[in-house]
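Below is one structure, written out as structure tokens; comments come after it.
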Amino acid sequence: QSVLTQPPSASETPGQRVTISCSGARSNIGSNIVNWYQQLPGTAPKLLIYSNNQRLSGVPDRFSGSKSGTSASLAITGLQSEDEATYYCATRDDRLNAWVFGGGTKLTVL
Amino acid sequence: QLQLRESGPGLVKPSETLSLICSVSGGSVNMSSHYWGWIRQPPEKGLEWIGNIYHSGSTFYNPSLKSRLAMSIQKSKNEISLTLSSGTVADTAVYYCVRGLVGYRDFESWGQGARVTVSS
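The listed protein sequences derive, respectively, from chains E and W. Residue numbers for the first sequence follow my numbering, beginning at 16 and rising by one. Residue numbers for the second sequence follow my numbering, beginning at 2 and rising by one.
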């Protein structure tokens, strides 16, 4: 059971918009920045969004992150087949004194 | 271009110690602006943070692994090492070496990962 809660799966058709949620608590998302990681099939994860809403250099502006209270979300617009991956949110948890990840959301582009 | 390469035995017997090395190229482990760490991913599961180490040698471990975990930094070799004692089947995972920018970009760079199986 992950400290951060993500839906296990999401799907949408090419060109559409999808949002992936990440729910936490005051001790984690509520107190710290959130990062998002993308893991393409068979590869290592890579940082996509840091500090809640900053895109890493080279990440298309179709990807955006936001945070409100104890929840965060990743939005992808203009979906493309190459966006098919598993997406993880992550942050520090002050109560656990550890970095924690969401369980991951597997995105399928139909 | 920073490259992180994990290496170590792919098979460890239960109760034995799991040891991995992260070789760093294209960057120095002796930079105060960055930290180094390990993250693992059991088969078909999500990511678990293991611990971080800073250029000073100070460490920050996952409390759930702390009693079995040791990380060190070898500046002369530009390497980071991980040892996890008393291995169990639950330690079977792909182990990733990561680098983060202190206070700004967590786990911004990742190695390709090293698969470790704990089995008799």
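The beta-carbon is built from N, C-alpha and C at its ideal position, and this holds for glycine as well.
Check	Outcome
Own chain partners of E:Pro22 with C-beta closer than 8 Å, once the 5 adjacent residues on each side are dropped	Ile35, Ser36 and Thr120
Inter-stretch contact (C-beta, 8 Å, three-pair minimum) for the segment 71 to 82 of chain E and the segment 42 to 57 of chain E	yes
Beta strand (DSSP E) segments (min. 3 residues) lying fully within the segment 34 to 88 of chain E	50 to 54, 61 to 65 and 78 to 83
Beta-carbon proximity list for E:Arg41, same chain, < 8 Å, skipping 5 on both sides	Thr85
Any chain E beta carbon closer than 7 Å to W:Gly58	no
E:Val18, DSSP secondary structure in three states	coil
Cα-Cα separation between W:Pro10 and W:Ser68, rounded to whole angstroms	22 Å
Own chain residues within Cβ distance below 6 Å of W:Trp111, not counting five before or after	Tyr97 and Val99
Continuous beta strand (DSSP E) stretch holding W:Asn53: start and end	Glu49 to Tyr55
Contact with chain W by E:Asn130, beta-carbon distance below 7 Å	No answer is possible for residue 130 of chain E: it lies beyond the span of chain E, which begins at 16 and ends at 125.
Own chain residues within Cβ distance below 6 Å of E:Ala90, not counting five before or after	Thr34 and Ser79
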